[in-house]
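For reference, the structure is listed below as structure tokens.
Residue numbers (the numbering used here): 3 to 109.
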């Protein structure tokens, strides 16, 4: 408990709610950042492209549009991915309005 900086009571209160990463039963994870133009339906196109590759969105965060652009950060489960990560990134880059697509992390 000292190693992680929590009290004994906190540990016992939450010990059954915490999962080890190996317990999550997820496949390979990828974190992707996209810069999109502020256009209606563009995020839907991104999610459709992810779905067509059989990737699963675990988390998604979108910033407010500034100067006509919004930043999207997604964490994807790639355990059932069709093809390669490179093909997924290329599919995202091919979307009209996706100005920047970056693979930030791959676990």
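All residues carry an ideal CB built from backbone N, CA and C; glycine is no exception.
| request: Could you spell out where the alpha helix (DSSP H) holding residue 89 opens and where it closes? | output: Within the chain shown, the letter at position 87 stands for residue 89. Element bounds for residue 89: 87-95.
| task | Using 10 angstroms around the beta-carbon of residue 14, count the other beta-carbons present and answer buried if the total reaches 16, otherwise exposed. | result | Along the chain shown, one-based indexing puts residue 14 at 12. Per the 10 Å Cβ criterion, exposed.
| request: Assign residue 64 to buried or exposed, taking buried as 16 or more other Cβ atoms, counted over all protein chains shown, within 10 Å of its Cβ. | output: Here the question's residue 64 lines up with position 62 in the chain shown. Burial call: exposed.
| Distance, residue 72 Cα to residue 93 Cα | By 1-based counting over the chain shown, the position of residue 93 is 91. By 1-based counting over the chain shown, the position of residue 72 is 70. Residue 93 and residue 72: Cα-Cα distance of roughly 19 Å.
| said: Let's test the definition: count the other Cβ atoms within 10 Å of the Cβ of residue 8 and tell me whether it reaches 16, buried, or not, exposed. | reply: For the purposes of this step, residue 8 is taken as the residue at position 6 of the chain shown. Exposed, by the Cβ-count rule.
| field | residue 56 versus residue 11 - alpha carbon distance | value | As a first step, residue 56 is located in the chain shown; it is residue number 54 there, counting from the start. As a first step, residue 11 is located in the chain shown; it is residue number 9 there, counting from the start. The alpha-carbon atoms of residue 56 and residue 11 are separated by roughly 42 Å.
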